[in-house]
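>
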DNA sequence: TTGACTCTCTAACGCTGTTAGACGCAGACT
DNA sequence: AGTCTGCGTCTAACAGCGTTAGAGAGTCAA
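Residue numbers (the UniProt record's numbering), protein chains in the order written: chain G, 1 to 220; chain P, 1 to 220.
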């Protein structure tokens with residue numbers, strides 16, 4: 001059963017299909033056999049275009065991180081806080097475009113090798129603002145880690161997260177019955193509602209950047 | 001071949017063995033068959049004491065989170081920042097005791113059901129300091145998420161993380177060759193060295209709490 | 001026509017989580 | 001003493017996983 005209609009698969013097609021599968025069914029739904037089926041091909045065939053599954057996952061994360069950092073505004077050294085914060089917001093937005101990929105991204109080194117150039121660019125801008133290279137990278141790492149942590153937490157209680165993590169509503173009712181007055185009051189006040197994640201993220205960013213600016217003054 | 005020597009397994013023994021296995025071999029090393037072997041029992045036997053593997057993992061995370069929050073100091077309402085920060089430090093220390101468990105903890109809802117009581121306790125203390133319940137839980141979530149994010153990043157590049165994430169040293173030399181001057185300077189200045197994670201975490205906490213305090217003043 | 005190269009296939013290996021059903025042992029009841 | 005009940009464990013098996021080996025089409029060049 002030859003495939004005369006297609007000129008042959010490519011690594012990019014495999015990765016694209018893999019991302020499609022992850023977006024649709026989650027990381028657990030990505031299987032070499034399913035990935036093959038998605039491309040009209042047997043599972044073993046994939047190994048001609050890709051060394052193994054781990055490489056596929058790594059590549060997906062790599063691409064996502066690069067895309068996220070590429071979305072960064074150019075960045076003038078003056079007023080680095082507003083610019084760095086814009087980067088954080090862009091990073092969050094980009095990461096949330098593929099929520100199912102987040103658990104993967106979080107358990108790998110924060111900066112994928114392919115993203116080094118992007119990091120260098122951001123770091124250089126911070127250095128131009130007066131930070132030492134080490135300090136600049138600390139800042140980048142802090143912001144990236146914080147964004148990743150919050151994004152991960154947000155995506156954790158969105159649909160399709162395979163395991164039976166109780167959805168927000170069920171958790172809310174359970175809290176309601178559990179006789180914890182403060183928790184109950186917080187839920188009644190809107191905790192856990194859809195826009196609550198956004199609000200909390202912004203609060204965290206406000207605090208983080210307020211603190212960063214305050215601490216940057218004395219010792220640059 | 002009866003087991004006259006042991007009065008029968010218990011769920012707790014299974015969980016303890018599971019944690020032992022995860023600490024030793026990572027999450028990927030935890031297999032029902034291996035878990036059985038660790039207890040001198042066949043894999044199928046485990047299903048008499050435990051519903052399935054997912055439940056084991058959930059229970060492990062639950063316990064870790066509870067232990068971490070239990071390590072929190074009692075917390076007097078006055079000077080909540082130092083106290084909340086102590087909690088953050090304790091949380092980090094506790095989470096780092098089982099680094100291999102972190103990827104699991106990070107992809108689950110931040111607060112495990114069993115830990116609700118602990119959360120309530122912390123939240124109540126914050127409310128006594130003048131925060132609204134919702135605000136108090138936002139604060140807790142922010143601190144917990146930030147700590148988890150940073151801890152996860154730290155544990156990400158510690159040994160035994162199964163996949164081939166380049167270790168720090170190899171990454172450093174790769175950076176050195178890659179012609180990115182700022183990155184190179186940062187590595188030369190000590191970025192990535194063992195105590196660098198700790199330094200970055202403390203910097204992040206300093207900034208976060210400075211900002212939280214500053215923002216708490218106006219609107220409590 | 002022959003040869004090499006590219007791409008895909010079938011078949012299989014050892015591993016995984018999980019279920020069904022049988023077996024032996026303990027204690028309680030008759 | 002005999003019988004029954006239930007607990008704890010076993011063996012055997014299922015479908016699915018990632019991965020490899022080797023065969024076999026198809027295309028292009030000499």
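Every residue, glycine too, gets a C-beta built ideally from N, C-alpha and C. As the structure is a prediction and not an experimental result, all values here were calculated from the model.
Would residue 125(G) pass as a contact of residue 77(G) if the rule is Cβ separation under 8 angstroms?
In the first chain, counting from the first residue as 1, residue 125(G) sits at position 125. In the first chain, counting from the first residue as 1, residue 77(G) sits at position 77. In this structure, residue 77(G) lies closer than 8 angstroms to residue 125(G) by Cβ.
> Report the neighbours of residue 120(P) on chain G: residues whose CB is nearer than 7 angstroms to its CB, in chain order.
By 1-based counting over the second chain, the position of residue 120(P) is 120. Going along chain G in sequence order, the residues near residue 120(P) (Cβ under 7 angstroms) are 180, 182, 183.
> Which residues in the same chain have their Cβ closer than 7 angstroms to the Cβ of residue 190(P), if we skip the five residues on either side of it in sequence?
Indexing the second chain from 1 puts residue 190(P) at position 190. Excluding positions up to five away in sequence, the list reads 196.
> Which residues of chain P have a Cβ atom closer than 9 angstroms to the Cβ of residue 138(G), listed in chain order?
Translated into positions along the first chain, residue 138(G) becomes position 138. Result: 186, 191, 196, 199, 200, 203, 204.
> If we define contact as Cβ-Cβ less than 8 angstroms, is residue 17(G) a contact residue for chain P?
Along the first chain, read from residue 1 onward, the residue named residue 17(G) stands at position 17. For residue 17(G), the answer is no, since every Cβ of chain P falls outside 8 angstroms of its Cβ.
> Expressed to the nearest angstrom, what Euclidean distance is found between the alpha-carbon atoms of residue 215(P) and residue 29(P)?
Taking the second chain and counting its residues from 1, the one referred to as residue 215(P) is at position 215. Taking the second chain and counting its residues from 1, the one referred to as residue 29(P) is at position 29. Looking at the two C-alpha atoms, the distance is approximately 45 angstroms.
> Would you say residue 130(G) faces chain P, with C-beta separation under 8 angstroms as the test?
The residue labelled residue 130(G) in the question sits at position 130 within the first chain. Not closer than 8 angstroms to any Cβ of chain P, the Cβ of residue 130(G) fails to qualify, so no.
> For residue 148(G), decide whether its Cβ has a neighbour in chain P, counting only Cβ atoms nearer than 8 angstroms.
On the first chain, residue 148(G) is found 148 positions in, with the first residue counted as 1. Taking Cβ atoms only, chain P reaches closer than 8 angstroms to residue 148(G), which makes this a yes.
> Go through its chain and collect everything with a Cβ distance to residue 129(G)'s Cβ below 6 angstroms, but skip five positions before and after it.
For this step, residue 129(G) is matched to residue 129 along the first chain. Within the same chain, residue 129(G) has close Cβ partners 77, 80.
> On the CB-based measure, 16 or more other CB atoms within 10 Å of its CB, does residue 52(G) come out buried or exposed?
Here residue 52(G) refers to the residue found at position 52 of the first chain. Flag for residue 52(G) reads exposed.
> Measuring alpha carbon to alpha carbon, tell me which residue in 16(P), 27(P), 50(P) is nearest residue 38(P).
Indexing the second chain from 1 puts residue 38(P) at position 38. Answer by Cα proximity: 16(P).
> Count the other CB atoms within 10 Å of the CB of residue 160(P); is the residue buried (16 or more) or exposed (fewer)?
Taking the second chain and counting its residues from 1, one reaches residue 160(P) at position 160. A caution first: residue 160(P) carries a pLDDT of 45, below 50, which makes its placement in the model unreliable, though a value can still be read off. It is exposed - the Cβ of residue 160(P) has fewer than 16 other Cβ atoms within 10 Å.
> Is the CB of residue 36(G) under 8 angstroms away from at least one CB in chain P?
Translated into positions along the first chain, residue 36(G) becomes position 36. So, not an interface residue.
> For residue 118(G), tell me which candidate among 181(P), 151(P), 99(P) has the shortest Cα-Cα distance.
Translated into the one-based positions of the first chain, residue 118(G) becomes position 118. When only C-alpha atoms are compared, the closest one is 181(P).
> Using a Cβ cut-off of 8 angstroms (strictly closer), state whether residue 215(G) contacts chain P.
Here residue 215(G) refers to the residue found at position 215 when the first chain is read from its first residue. Residue 215(G) counts as touching chain P.
> State yes or no: is the beta carbon of residue 145(G) nearer than 8 angstroms to at least one beta carbon in chain P?
Position 145 of the first chain, counted from the first residue, corresponds to residue 145(G). Yes, residue 145(G) counts as interfacial toward chain P.
> Since residue 56(P) and residue 101(P) should fall inside the 8 angstroms C-beta cutoff, what is the C-beta to C-beta distance between them, to a whole number of angstroms?
Here residue 56(P) refers to the residue found at position 56 of the second chain. Here residue 101(P) refers to the residue found at position 101 of the second chain. That belief does not hold up - the Cβ atoms of residue 56(P) and residue 101(P) are roughly 12 angstroms apart, past 8 angstroms.
> Is residue 134(P) close to chain G? Criterion is C-beta to C-beta, closer than 8 angstroms.
Within the second chain, the letter at position 134 stands for residue 134(P). With 8 angstroms as the cut-off, residue 134(P) counts as an interface residue toward chain G.
> Would you give the residue range spanned by the alpha helix (DSSP H) that residue 23(G) belongs to?
Taking the first residue of the first chain as 1, we reach residue 23(G) at position 23. Where residue 23(G) is concerned, the enclosing alpha helix (DSSP H) stretches over 11-25.
> Just curious, the alpha helix (DSSP H) that residue 129(P) is in, first and last residue?
Against the second chain, residue 129(P) aligns to sequence position 129. Per DSSP, residue 129(P) belongs to no alpha helix (DSSP H) and is neither H nor E.
> With a CB to CB cut of under 6 angstroms and the five nearest residues on each side skipped, what residues in its chain are close to residue 54(G)?
Against the first chain, residue 54(G) aligns to sequence position 54. Nothing meets the Cβ criterion.
> Output, in chain order, the set of chain G residues within a Cβ distance shorter than 9 angstroms of residue 153(P).
In the second chain, counting from the first residue as 1, residue 153(P) sits at position 153. Correct list: 106, 109, 110, 141, 144, 145, 148, 149.
> Helix or strand or just coil, what does DSSP make of residue 133(P)?
Locating residue 133(P) in the second chain gives position 133, where the first residue counts as 1. DSSP places residue 133(P) in helix when its eight states are reduced to three.
> Who are the neighbours of residue 211(P) on chain G, taking C-beta pairs under 8 angstroms?
In the second chain, residue 211(P) corresponds to position 211, counting from 1. Here the neighbours are 206, 207, 208, 209, 210, 211, 212, 214.
> Can you tell me whether residue 108(P) is helix, strand or coil according to DSSP?
The sequence position of residue 108(P) within the second chain is 108, counting from 1. Here residue 108(P) sits in coil by DSSP.
> Which one of 43(G), 31(G), 24(G), 21(G) has the shortest CA to CA distance from residue 9(G)?
Working through the first chain from its first residue, we reach residue 9(G) at position 9. Comparing Cα-Cα distances from residue 9(G) to each of 43(G), 31(G), 24(G), 21(G), the minimum goes to 43(G).
> Residues of the stretch 38-68 of chain G with a CB closer than 7 angstroms to any CB of chain P: list them in chain order, please.
Those residues of the stretch 38-68 of chain G that come within reach of chain P (Cβ to Cβ, closer than 7 angstroms) are 54.
> Does any residue of chain P have a CB that is nearer than 8 angstroms to the CB of residue 124(G)?
Start at 1 with the first residue of the first chain, and residue 124(G) comes out as number 124. Answer yes: the Cβ-Cβ gap between residue 124(G) and chain P drops below 8 angstroms somewhere.
> Within 8 angstroms (strictly less), CB to CB, does residue 99(G) reach chain P?
Within the first chain, residue 99(G) is the residue found at index 99, counting from 1. It does not: the Cβ of residue 99(G) has no partner Cβ on chain P nearer than 8 angstroms.
> Could you list the residues in the stretch 74-98 of chain P with a C-beta less than 9 angstroms from some C-beta on chain G, going in chain order?
Result list empty, no residue passes.
> Say whether chain P places a C-beta atom closer than 8 angstroms to the C-beta of residue 30(G).
Here residue 30(G) corresponds to residue number 30 of the first chain, with the count starting at 1. False, the Cβ-Cβ gap to chain P never drops below 8 angstroms.
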